[in-house]
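Everything below concerns the one structure shown next.
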Amino acid sequence: MKKYIIAASFCVTLSAVFLSSCKDSSGKTNAAITEIVSKIEQNKYKIGDKIDIPISDLEGITKVIVAVDEQEVPANFTIDGKTIGLGNHTVNLKFFKGEEETNSRDFTFVVYANEPAAQWSYEIVGSYPHNPDYFTQGFYYKNGNIFEGTGLRQGKTRLIEYKLGATEPTRLYQIKDDVFGEGITEFDGFIYQLTWQDRVVYKYDLNFNQVQKFEMPSQIIEGWGITKIGDELAITEGSQRIHFFDKDLKYLRTVQAFDSVQPYSYLNEIEYHDGLIYANVYLKSGHADNSNIVVIDPKTGAVKAEFNMAELKAKQGNPQAQEFNGIAFKENGNMLVTGKLWDKIFEIKIKK
3 MKKYIIAASF
13 CVTLSAVFLS
23 SCKDSSGKTN
33 AAITEIVSKI
43 EQNKYKIGDK
53 IDIPISDLEG
63 ITKVIVAVDE
73 QEVPANFTID
83 GKTIGLGNHT
93 VNLKFFKGEE
103 ETNSRDFTFV
113 VYANEPAAQW
123 SYEIVGSYPH
133 NPDYFTQGFY
143 YKNGNIFEGT
153 GLRQGKTRLI
163 EYKLGATEPT
173 RLYQIKDDVF
183 GEGITEFDGF
193 IYQLTWQDRV
203 VYKYDLNFNQ
213 VQKFEMPSQI
223 IEGWGITKIG
233 DELAITEGSQ
243 RIHFFDKDLK
253 YLRTVQAFDS
263 VQPYSYLNEI
273 EYHDGLIYAN
283 VYLKSGHADN
293 SNIVVIDPKT
303 GAVKAEFNMA
313 ELKAKQGNPQ
323 AQEFNGIAFK
333 ENGNMLVTGK
343 LWDKIFEIKI
353 KK
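Below you can see the structure in the form of structure tokens.
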């Protein structure tokens, strides 16, 4: 899908590189501050843990001001899962002697979920033809029909509706702009379609009339996947972050996908089902293994489970087929999955 790999925005452990302003002459104090920072940076925190910035042993220091993600917090603060949730967090410490700032440090710490991701399995219970010309980027199911958004430029970015099992569209809109289409979702009687690096989001009525064009919100690095969750739109950008917006694309919040061991980056096409986000992984750990779906709690970002679906690409028949991409759910709870230029859609039953 992507011509360029976004550098992973996560940092599980950070080398001891500190942006420092050391105005005092006490090498002992500098060393003590560095030791405090190193311990915080190297720890694997969980929700509910406390972080303390002690100053009693710091020579000449009377006060420390702490900011996490640019928000001031107490010098002894708790990772509450709300203001400070899972993932990477930037910290700025300012040390004072009276009213004079004598030292500062900038660094990062990481918060992990309490449990590792469970390994779920599945059973293939059916398959349907899929048009191998469709470079699948967005994908959802409704009343026996598939709604699909395709990518690539030069007229390949389209919005398509077809009966599940058909290869010809019952409705099609070809975007006139030279853009690279991405994920789609339906929300409040309208369809939203992302673009990759074009900084545009399209909005359609259900007759595929384009009714609005949004500028991509600044919080999003690139447009990858989108789904509706209650009265929010959840959008992936190819990192471990999922950003949430209202129907007018006003920013609401962000979660990061982590379990107790690692972050889950390269989140791509997503679908919401039964309280959880199901996300295609475009690449795994920077390698060309994109055969996984991860299951994420939308409230916290905690990764609850993952599937390995490496066998599916080999079961479709188009030799030009590319990455696994496309998740939808039928009324019976079975999942429909496909990929870019695949000639099949597979129906699978999830086994937890």
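If you use my numbering, the sequence shown corresponds to residues 3 to 354, in order.
Backbone N, C-alpha and C fix where the C-beta goes; we use that ideal spot for every residue, glycine too.
**Neighbourhood of D82 by C-beta, 6 Å cutoff - its chain only, sequence neighbours within 5 removed** = Closer than 6 Å at Cβ, skipping near neighbours: no residue.
**Message:** What would DSSP say about A34, mapped onto helix, strand or coil?
**Reply:** In the structure shown, the three-state DSSP call for A34 is helix.
**Request:** Spatial neighbours of Y175 within its chain, please: CB distance less than 6 Å, with the 5 preceding and 5 following residues excluded, ordered by chain position.
**Result:** Annotation for Y175: L161 and F210 place their beta carbon closer than 6 Å to its own, counting only its chain and skipping 5 residues before and after.
**Message:** Let me check understanding here. Comparing Cα to Cα, which of E150, E37, Y114 and I63 lies closest to G87?
**Reply:** Measuring from the Cα of G87, the nearest candidate turns out to be Y114.
**Asked** Taking the alpha-carbon positions, what's the D207 to D190 distance?
**Response** Looking at the two C-alpha atoms, the distance is approximately 10 Å.
**Prompt:** Sorted by chain position, which residues of the same chain lie with C-beta nearer than 6 Å to Y266's C-beta, five sequence neighbours on each side aside?
**Reply:** Correct list, in chain order: Q242, A259, V296 and V305.
**Asked** For the beta strand (DSSP E) that contains L278, what are its first and last residues?
**Response** Looking at the DSSP string, the run of the beta strand (DSSP E) that includes L278 is L278 to V283.
**Prompt:** Pairing CB atoms from the stretch 311-328 with CB atoms from the stretch 340-354, are three or more of them under 8 Å?
**Reply:** The stretch 311-328 is in contact with the stretch 340-354.
**Prompt:** With a CB to CB cut of under 8 Å and the five nearest residues on each side skipped, what residues in its chain are close to D248?
**Reply:** Here D248 has D233, E234, L235 and L254 as same chain residues with Cβ atoms under 8 Å from its own Cβ, once five neighbours each way along the sequence are excluded.
**Request:** Closer than 6 Å by C-beta to I126: which residues in its own chain qualify, once you throw out the five before and the five after it? Chain order, please.
**Result:** If we look at I126 and ignore the five residues flanking it on each side, its Cβ neighbours are F348 and I350.
**I231 beta carbon less than 8 Å from that of L196** = No, they are not a contact pair.
**Message:** What does the alpha-carbon distance come out to for the pair L314 and E163?
**Reply:** The alpha-carbon atoms of L314 and E163 are separated by roughly 23 Å.
**Request:** Let me know the secondary structure DSSP gives E2 once reduced to three states.
**Result:** Given that the chain is displayed from residue 3 to residue 354, the structure contains no residue 2 and the question cannot be resolved.
**Message:** Would I244 and T256 be called neighbours here (beta carbons separated by less than 8 Å)?
**Reply:** In this structure, T256 lies closer than 8 Å to I244 by Cβ.
**Request:** Measure the CB-CB distance between V184 and R201 and report whether it falls below 8 Å.
**Result:** According to the sequence provided, residue 184 is Glu. The question's Val does not apply to it. Contact: no.
**Prompt:** Taking the alpha carbon of N336 as the point to measure from, which residue in K84, I63, Y143 and L269 has its own alpha carbon closest?
**Reply:** The shortest C-alpha separation from N336 is found at Y143.
**Asked** Can you tell me where the alpha helix (DSSP H) with A312 in it begins and where it stops?
**Response** Per DSSP, A312 belongs to the alpha helix (DSSP H) from A312 to K317.
**Message:** Counting C-beta neighbours from all protein chains within 10 Å, is the total for R107 16 or more, i.e. buried, or is it exposed?
**Reply:** Classification for R107: buried.
**Request:** Run the CB neighbour count on D345, radius 10 Å, all protein chains shown included, and call it buried at 16 or more, exposed below.
**Result:** Residue environment: D345 is assigned as buried (16 or more neighbouring CB atoms within 10 Å of its CB, all protein chains considered).
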